[in-house]
Amino acid sequence: MEDPTEASWAAFARLRDYCRKGRAPWRRRGGDLQFITTRPDDAAPDIRLTAPAFADALRRAFGEELTDEAVLGLARRAPQDSARRVFTGRQLVTGGLACLLAIASAVAFPASAARAAVVVVMVLFMATIAARLALAFMAAAPAGARPRALLEDGELPVVTILVPLFKEAEALPGLAAALGELDYPAEKLDIKLLLEERDHVTIAEARRLNREGRFDLVLVPPSAPQTKPKACNFALPTARGDLLVIYDAEDEPEPAQLRIAAETFAAAGPELACVQARLNFYNADENWLTRLFALEYCLWFDHVLPALDRLGAPVPLGGTSNIFRTDALIEAGGWDPFNVTEDADLGLRLARRGWRTHMIDATTFEEANCRLPNWLSQRSRWMKGFMQTWLVHRRGPVTMQGWKRALSLDLLIGGTVIAALLNPLLWAASLFEQVTGASAAGLVPAPFGDAAVLSLAVGNLALMGLAAYAPARRGLWHLSPAAILAPVYWLMMSAAAYVALWQLVARPHFWEKTRHGISAGAPARRRQALRSLGFD
Numbered sequence: 423m424e425d426p427t428e429a430s431w432a433a434f435a436r437l438r439d440y441c442r443k444g445r446a447p448w449r450r451r452g453g454d455l456q457f458i459t460t461r462p463d464d465a466a467p468d469i470r471l472t473a474p475a476f477a478d479a480l481r482r483a484f485g486e487e488l489t490d491e492a493v494l495g496l497a498r499r500a501p502q503d504s505a506r507r508v509f510t511g512r513q514l515v516t517g518g519l520a521c522l523l524a525i526a527s528a529v530a531f532p533a534s535a536a537r538a539a540v541v542v543v544m545v546l547f548m549a550t551i552a553a554r555l556a557l558a559f560m561a562a563a564p565a566g567a568r569p570r571a572l573l574e575d576g577e578l579p580v581v582t583i584l585v586p587l588f589k590e591a592e593a594l595p596g597l598a599a600a601l602g603e604l605d606y607p608a609e610k611l612d613i614k615l616l617l618e619e620r621d622h623v624t625i626a627e628a629r630r631l632n633r634e635g636r637f638d639l640v641l642v643p644p645s646a647p648q649t650k651p652k653a654c655n656f657a658l659p660t661a662r663g664d665l666l667v668i669y670d671a672e673d674e675p676e677p678a679q680l681r682i683a684a685e686t687f688a689a690a691g692p693e694l695a696c697v698q699a700r701l702n703f704y705n706a707d708e709n710w711l712t713r714l715f716a717l718e719y720c721l722w723f724d725h726v727l728p729a730l731d732r733l734g735a736p737v738p739l740g741g742t743s744n745i746f747r748t749d750a751l752i753e754a755g756g757w758d759p760f761n762v763t764e765d766a767d768l769g770l771r772l773a774r775r776g777w778r779t780h781m782i783d784a785t786t787f788e789e790a791n792c793r794l795p796n797w798l799s800q801r802s803r804w805m806k807g808f809m810q811t812w813l814v815h816r817r818g819p820v821t822m823q824g825w826k827r828a829l830s831l832d833l834l835i836g837g838t839v840i841a842a843l844l845n846p847l848l849w850a851a852s853l854f855e856q857v858t859g860a861s862a863a864g865l866v867p868a869p870f871g872d873a874a875v876l877s878l879a880v881g882n883l884a885l886m887g888l889a890a891y892a893p894a895r896r897g898l899w900h901l902s903p904a905a906i907l908a909p910v911y912w913l914m915m916s917a918a919a920y921v922a923l924w925q926l927v928a929r930p931h932f933w934e935k936t937r938h939g940i941s942a943g944a945p946a947r948r949r950q951a952l953r954s955l956g957f958d
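Here the numbering used here is used: the first residue of the sequence shown is 423, the next is one more, and so on.
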């Protein structure tokens with residue numbers, strides 16, 4: 423009897439082959455095997471369909487298998503790579519023993535335990551900040567242009583564009599207009615809008631905007647977890663492209679981005695699995711929150727990730743504008759539907775399996791979160807996903823070896839969470855000492871307390887300096903004064919981290935929806951996009 427897991431994987435491979443060739447067996451009629459096809463030169467009795475209708479027919483025929491594969495494929499084939507299980511038995515035992523040891527030490531040797539705790543907190547906090555400083559300095563050094571093989575239109579590969587959408591009807595016109603501006607042959611774009619089957623409003627808007635049939639509307643059946651990576655997995659087997667890119671609903675990629683990516687892949691070896699475009703915002707100047715958010719993105723995408731690329735270290739991918747070799751993506755297992763930062767997780771998994779990720783000098787502009795509750799929901803999801811990613815990639819005795827991988831995983835993924843969790847504790851201890859003159863109720867000698875205060879001051883000054891310097895590459899110096907609020911921003915991140923910690927235990931796979939189209943300029947952008955699409 424055939425293993426159902428292997429049968430599912432075989433069906434996955436066949437569907438992609440059918441879509442790339444534009445021809446698939448469909449049914450028998452009068453003893454003849456009838457095919458569906460997108461090729462105009464095929465003879466009767468084939469049924470001719472457009473490429474989107476062809477892919478839709480296959481998804482309808484294999485809907486149950488595709489849903490099962492989208493949800494459980496990675497967890498079945500590589501359970502160690504899936505966040506479906508939050509903690510392994512080893513992690514629970516190790517964590518439990520560490521907690522018991524800490525409690526016992528605090529009871530038996532309170533002064534020594536307090537001193538050790540202060541040292542550990544300072545080291546972790548400063549190591550995280552030092553890593554960012556070092557990477558920012560490294561990125562500032564001149565670097566040669568990445569090789570590209572200039573391609574004529576006829577030489578460009580087919581690119582599949584996946585756009586996961588949920589309650590995004592307001593953002594869709596802007597997306598459709600932005601995709602229409604891409605400097606890439608239309609016949610070589612396989613654009614799939616991934617729509618939740620029950621999201622009738624967004625589906626209706628997508629159908630209205632699809633009057634030219636440019637888009638393949640992929641209706642994702644309801645199943646748990648309802649996450650962006652699950653929707654992407656559902657569409658992956660019907661991707662026609664040699665390359666595949668993810669865009670979000672509010673994205674505005676620079677027109678040359680896909681051409682730059684294709685030419686970068688053409689000049690690279692087979693070890694290159696992904697290129698990541700830089701991300702920034704088109705509403706960075708809207709308010710204090712968007713300015714701080716923009717400074718953070720400038721630091722991460724213009725300095726930290728390019729430095730990791732130079733080092734040959736794993737690159738935690740951003741949630742959009744990552745362009746993959748489709749075959750490498752499939753071989754790596756696709757996305758983990760149970761991880762709420764599936765992008766960062768996939769970047770580390772690609773590296774662990776021997777593939778490389780490069781940054782490219784092209785930008786996608788997004789809508790910066792301009793409202794605090796919405797920002798908090800988004801950030802708590804990111805923090806929870808970083809926790810999931812760290813737990814997944816620290817499983818087993820032989821995972822993520824080497825200092826480069828530790829830099830990406832422990833100091834940037836885990837370190838971001840640890841620093842956010844520790845930051846308010848350092849503030850509380852420092853304020854307690856300044857107000858009362860006592861140091862942790864007398865348990866910590868003055869030198870240790872003073873060192874904690876110093877590390878907090880130095881750490882926050884370093885963060886402010888990094889934030890002020892971050893927009894240098896783009897010449898956005900007018901954003902730098904907002905860096906004075908960086909300590910406040912970090913305390914906001916701490917609040918999100920504690921929400922994430924609670925959710926990791928109570929609701930590990932819950933996807934907090936980020937609302938788009940809420941910035942002050944969103945209505946005008948929508949009207950302009952509709953006009954450009956001919957909807958006056």
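Backbone N, C-alpha and C define an ideal beta-carbon position, used for all residues, glycine too.
1. Taking the Cβ atom as the reference point for each residue, do Gly596 and Arg948 lie within a distance shorter than 8 Å?
2. Based on Cα-Cα distance, which residue from Leu717, Lys650, Phe957, Tyr669 lies nearest to Leu995?
3. Along the chain, where does the beta strand (DSSP E) that runs through Pro795 open and close?
4. Would you grab the beta carbon distance between Leu714 and Leu907 for me? Rounded to a whole angstrom, and I think it's under 8 Å.
5. Would you check if the segment 575–593 and the segment 616–623 touch, i.e. whether three or more CB-CB distances between them fall below 8 Å?
6. For Asn796, which residues in the same chain have their Cβ closer than 6 Å to its Cβ, ignoring the five residues on either side in sequence?
7. Please check the pair Glu674 and Phe787, which I expect to be a contact at CB under 8 Å, by giving their CB distance rounded to whole angstroms.
8. Using DSSP bridges, identify the partner residues of Arg780.
9. Is Ala446 closer than 8 Å to Leu480 when the C-beta atoms are compared?
10. Measuring only the C-alpha atoms, how far is Thr459 from Thr748?
11. My assumption, with CB atoms under 8 Å, is that Phe723 sits in contact with Ala492. Please give the rounded CB distance.
12. Relative to the alpha-carbon of Ser802, which residue among Val839, Met548, Asp605 has its alpha-carbon at the smallest distance?
13. For the alpha helix (DSSP H) holding Ala951, just list the boundary residues, first then last.
14. Considering only the beta carbon of each residue, do Gly734 and Ala766 sit closer than 8 Å?
15. Quick one: residues in its chain with C-beta nearer than 6 Å to the C-beta of Trp933, no 5 flanking neighbours on either side, listed in chain order?
16. For Asp368 and Asp478, I'd like the C-alpha separation in whole angstroms.
17. Check each candidate in Ala922, Ala754, Gly836, Thr510 and name the one with the smallest Cα separation from Trp777.
18. When the Cβ atoms of the segment 735–746 are set against those of the segment 691–700, are three or more pairs found closer than 8 Å?
19. By alpha-carbon positions, which one of Ala563, Pro738, Ala530, Leu666 ends up nearest to Arg774?
20. Report the rounded CA-to-CA distance for Ala951 versus Ala626, giving the unit in angstroms.
21. Start and end of the alpha helix (DSSP H) containing Asn845?
22. Between Leu615 and Val640, which are expected to be in contact by the criterion C-beta below 8 Å, what is the C-beta distance as a whole number of angstroms?
23. Using CA coordinates, which residue listed in Ala851, Arg895, Gly453, Lys610 is at the minimum distance from Val875?
24. List the endpoints of the continuous beta strand (DSSP E) containing Glu672.
25. For Ala942, count neighbouring C-beta atoms within 10 Å of its own C-beta (all shown protein chains included) and say buried if the count is 16 or more, exposed if not.
26. Please state whether the Cβ-Cβ distance between Leu833 and Ala553 is less than 8 Å.
27. Quick check on DSSP: helix, strand or coil for Pro462?
28. Buried or exposed: which applies to Lys652, given that a residue is buried once 16 or more other Cβ atoms fall within 10 Å of its Cβ?
29. I'd like the span of the alpha helix (DSSP H) that includes Ala475, first residue to last.
30. Should Asp638 and Pro474 be called a contact, given that it needs their Cβ atoms to be closer than 8 Å?
31. So for Lys652, helix, strand or coil by DSSP?
In short:
1. By 1-based counting over the sequence shown, the position of residue 596 is 174. By 1-based counting over the sequence shown, the position of residue 948 is 526. Yes, they are a contact pair.
2. Nothing about residue 995 can be read from this structure; the chain reaches only from 423 to 958.
3. In the sequence shown, counting from the first residue as 1, residue 795 sits at position 373. Per DSSP, Pro795 belongs to no beta strand (DSSP E); it is in the alpha helix (DSSP H), 794–815.
4. To locate residue 714, count along the sequence shown from 1; it is residue 292. To locate residue 907, count along the sequence shown from 1; it is residue 485. Rounded, the Cβ-Cβ distance is 6 Å, consistent with contact.
5. yes
6. On the sequence shown, residue 796 is found 374 positions in, with the first residue counted as 1. So the list reads Arg937, once near-sequence residues are dropped.
7. By one-based count along the sequence shown, residue 674 stands at place 252. By one-based count along the sequence shown, residue 787 stands at place 365. Indeed they touch by this definition, with Cβ atoms about 5 Å apart.
8. Residue mapping note: residue 780 aligns to position 358 of the sequence shown, counting from 1. Note that residue 780 corresponds to His in the displayed sequence, not to Arg. The partner list for His780 (beta bridge, DSSP) reads Val697.
9. Numbered from its first residue, the sequence shown carries residue 480 at position 58. Numbered from its first residue, the sequence shown carries residue 446 at position 24. The answer is yes: Cβ separation under 8 Å.
10. Here residue 459 refers to the residue found at position 37 of the sequence shown. Here residue 748 refers to the residue found at position 326 of the sequence shown. About 22 Å.
11. For the purposes of this step, residue 723 is taken as residue 301 along the sequence shown, with counting starting at 1. For the purposes of this step, residue 492 is taken as residue 70 along the sequence shown, with counting starting at 1. Wrong, their Cβ atoms sit about 29 Å apart, outside the cutoff.
12. As a working note, residue 802 is residue 380 in the sequence shown. Ser802 has its Cα closest to that of Val839, out of Val839, Met548, Asp605.
13. Counting from one through the sequence shown, the residue named residue 951 turns up at place 529. Unbroken alpha helix (DSSP H) run through Ala951: 944–954.
14. Position 312 of the sequence shown holds residue 734. Position 344 of the sequence shown holds residue 766. No. Outside cutoff.
15. For the purposes of this step, residue 933 is taken as residue 511 along the sequence shown, with counting starting at 1. For Trp933, where only same-chain residues beyond five positions count, the Cβ hits under 6 Å are Thr649, Val762.
16. It is not possible to answer for residue 368, since the shown part of the chain is limited to 423 through 958.
17. Your numbering for residue 777 matches position 355 in the sequence shown. Selected option, being the one with the closest Cα: Ala754.
18. yes
19. The sequence position of residue 774 within the sequence shown is 352, counting from 1. Checked all of Ala563, Pro738, Ala530, Leu666; the closest Cα to Arg774 is Pro738.
20. The residue labelled residue 951 in the question sits at position 529 within the sequence shown. The residue labelled residue 626 in the question sits at position 204 within the sequence shown. Answer to the nearest angstrom: the Cα atoms are 17 Å apart.
21. Position 423 of the sequence shown holds residue 845. Unbroken alpha helix (DSSP H) run through Asn845: 837–858.
22. Translated into positions along the sequence shown, residue 615 becomes position 193. Translated into positions along the sequence shown, residue 640 becomes position 218. Right, the Cβ-Cβ distance comes to about 7 Å (below 8 Å), so this counts as a contact.
23. Here residue 875 is taken as the residue at index 453 of the sequence shown, counted from 1. Looking at the Cα atoms, Ala851 is the closest of the given residues.
24. For the purposes of this step, residue 672 is taken as residue 250 along the sequence shown, with counting starting at 1. Unbroken run through Glu672: none, as it is neither H nor E.
25. By 1-based counting over the sequence shown, the position of residue 942 is 520. Classification for Ala942: exposed.
26. On the sequence shown, residue 833 is found 411 positions in, with the first residue counted as 1. On the sequence shown, residue 553 is found 131 positions in, with the first residue counted as 1. Going by C-beta atoms, Leu833 is nearer than 8 Å to Ala553.
27. The residue given as residue 462 occupies position 40 in the sequence shown. The answer is coil: DSSP assigns Pro462 none of H, G, I, E or B.
28. Sequence index remark: in the sequence shown, residue 652 carries index 230 (1-based). By the 10 Å Cβ count, Lys652 comes out buried.
29. As a working mapping, residue 475 is identified with position 53 in the sequence shown. Residues 473–483.
30. As a position in the sequence shown, residue 638 is number 216, starting the count at 1. As a position in the sequence shown, residue 474 is number 52, starting the count at 1. Yes; because the gap between Cβ atoms is below 8 Å, this pair is in contact.
31. Within the sequence shown, numbered from 1, the residue matching residue 652 stands at position 230. DSSP places Lys652 in helix when its eight states are reduced to three.
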